[in-house]
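J.: Next up is a structure, given as structure tokens.
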Ligand SMILES: Nc1nc2c(ncn2[C@@H]2O[C@H](COP(=O)(O)OP(=O)(O)O)[C@@H](O)[C@H]2O)c(=O)[nH]1
Ligand SMILES: [Mg+2]
């Protein structure tokens with residue numbers, strides 16, 4: 006048993022539910038209102054696992070500030086959560102890739118997990134982000150608590166190279 010600590014950046018367009026996701030994991034409350042995040046925010050999420058404590062230092066990158074240079078955050082990140090929403094229309098799809106490419110320019114081999122949030126709102130087929138597959142893509146709902154732990158579990162397993170990690 007040894008404790009682990011990872012720095013995770015959370016990227017995606019404004020309004021997809023990044024702040025809500027962090028808040029839900031932290032306090033188990035659902036944030037109804039949309040409070041625009043204007044500068045990167047930092048939260049530590051600590052989970053107990055069968056390998057000891059796992060700390061995720063999650064940095065939310067504000068989605069409205071796509072033209073601001075957050076390269077410094079990308080440099081220190083161990084992993085990425087790329088978030089989009091279930092209703093992502095054609096015009097928004099390109100942004101998913103733009104965010105990921107910005108991070109990849111700094112670290113081309115960084116593990117990325119894709120989240121399609123708000124699946125409580127939209128039924129049916131969801132846009133598959135480029136790079137997403139059956140292992141690294143999770144359809145989640147912060148409102149209904151669907152698959153909220155899976156993205157972090159995926160990153161923990163990937164970053165520690167230990168597929169047997171479980172949260173307990
Ligand atoms: N229906 C639904 N709404 C959500 C969900 N997650 C977040 N929201 C709403 O989406 C809005 C934007 O969320 P926010 O976390 O501020 O987005 P951010 O800009 O990505 O940080 C808020 O009104 C949230 O209540 C979800 O799973 N389902
Ligand atoms: Mg936010």
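In my numbering, the protein residues as written are 6 to 173. Yeah, the Cβ is synthetic: ideal placement off N, Cα and C, and Gly gets one too.
Closer than 5 Å from C-beta to any heavy atom of ligand 2: which residues, in chain order?
T.: 23, 24, 42
J.: For residue 66, which of helix, strand or coil comes out of DSSP?
T.: Along the chain shown, one-based indexing puts residue 66 at 61. Residue state, collapsed to three classes: coil.
J.: Count the other C-beta atoms from every protein chain shown that fall within 10 angstroms of the C-beta of residue 10, then say buried if there are 16 or more, exposed otherwise.
T.: Along the chain shown, one-based indexing puts residue 10 at 5. That one is exposed.
J.: From this set, 103, 33, 57, 42, which residue's C-alpha is nearest residue 170's C-alpha?
T.: In the chain shown, counting from the first residue as 1, residue 170 sits at position 165. For the residues 103, 33, 57, 42, the minimum Cα distance to residue 170 belongs to 57.
J.: Measure the CB-CB distance between residue 78 and residue 118 and report whether it falls below 8 Å.
T.: Within the chain shown, the letter at position 73 stands for residue 78. Within the chain shown, the letter at position 113 stands for residue 118. Result no, Cβ atoms of residue 78 and residue 118 do not sit closer than 8 Å.
J.: Specify, as a first and last residue, the run of the alpha helix (DSSP H) that residue 157 falls within.
T.: Numbered from 1 along the chain shown, position 152 holds the residue referred to as residue 157. For residue 157, the uninterrupted alpha helix (DSSP H) segment begins and ends at 155-165.
J.: For the candidate residues 93, 8, 14, whose alpha-carbon lies nearest to that of residue 111?
T.: For the purposes of this step, residue 111 is identified with residue 106 of the chain shown, where counting begins at 1. Among 93, 8, 14, the Cα nearest to that of residue 111 is on 14.
J.: Excluding the five sequence neighbours on either side, which residues of its own chain have a C-beta within less than 8 Å of the C-beta of residue 80, listed in chain order?
T.: Position 75 of the chain shown, counting from 1, holds the residue named residue 80. If we look at residue 80 and ignore the five residues flanking it on each side, its Cβ neighbours are 111, 112.
J.: To the nearest whole angstrom, what separates the beta carbons of residue 68 and residue 19, a pair I think is in contact under 8 Å?
T.: Position 63 of the chain shown, counted from the first residue, corresponds to residue 68. Position 14 of the chain shown, counted from the first residue, corresponds to residue 19. That belief holds up - the Cβ atoms of residue 68 and residue 19 are roughly 3 Å apart, short of 8 Å.
J.: Confirm, please, whether the CB-CB distance from residue 82 to residue 59 is below 8 Å.
T.: Against the chain shown, residue 59 aligns to sequence position 54. Against the chain shown, residue 82 aligns to sequence position 77. Against a cut-off of 8 Å, the Cβ pair of residue 82 and residue 59 comes out as no contact.
J.: Assuming residue 65 contacts residue 22 (C-beta within less than 8 Å), just tell me the rounded distance between them.
T.: Taking the first residue of the chain shown as position 1, residue 65 is located at position 60. Taking the first residue of the chain shown as position 1, residue 22 is located at position 17. Actually they do not touch by this definition, with Cβ atoms about 11 Å apart.
J.: Quick one: residues in its chain with C-beta nearer than 7 Å to the C-beta of residue 154, no 5 flanking neighbours on either side, listed in chain order?
T.: Reading the chain shown from its first residue, position 149 is the one you call residue 154. Hits under 7 Å: 172.
J.: Quick check on DSSP: helix, strand or coil for residue 123?
T.: Stepping through the chain shown from its first residue, residue 123 is reached at position 118. DSSP places residue 123 in coil when its eight states are reduced to three.
J.: Go to residue 50, then tell me how far its beta strand (DSSP E) extends in each direction, as first and last residue.
T.: Counted from its first residue, the chain shown places residue 50 at position 45. Unbroken beta strand (DSSP E) run through residue 50: 46-54.
J.: Taking 7 Å as the line, does the beta carbon of residue 21 fall inside it for any heavy atom of ligand 1?
T.: On the chain shown, position 16 is the one that residue 21 refers to. Under cutoff, so the answer is yes.
J.: From the beta carbon of residue 68, is the nearest beta carbon of chain D less than 8 Å away?
T.: The structure shown contains no chain D; it is built from a single protein chain.
J.: Which residues mark the beginning and the end of the beta strand (DSSP E) in which residue 13 is found?
T.: As a first step, residue 13 is located in the chain shown; it is residue number 8 there, counting from the start. Looking at the DSSP string, the run of the beta strand (DSSP E) that includes residue 13 is 9-16.
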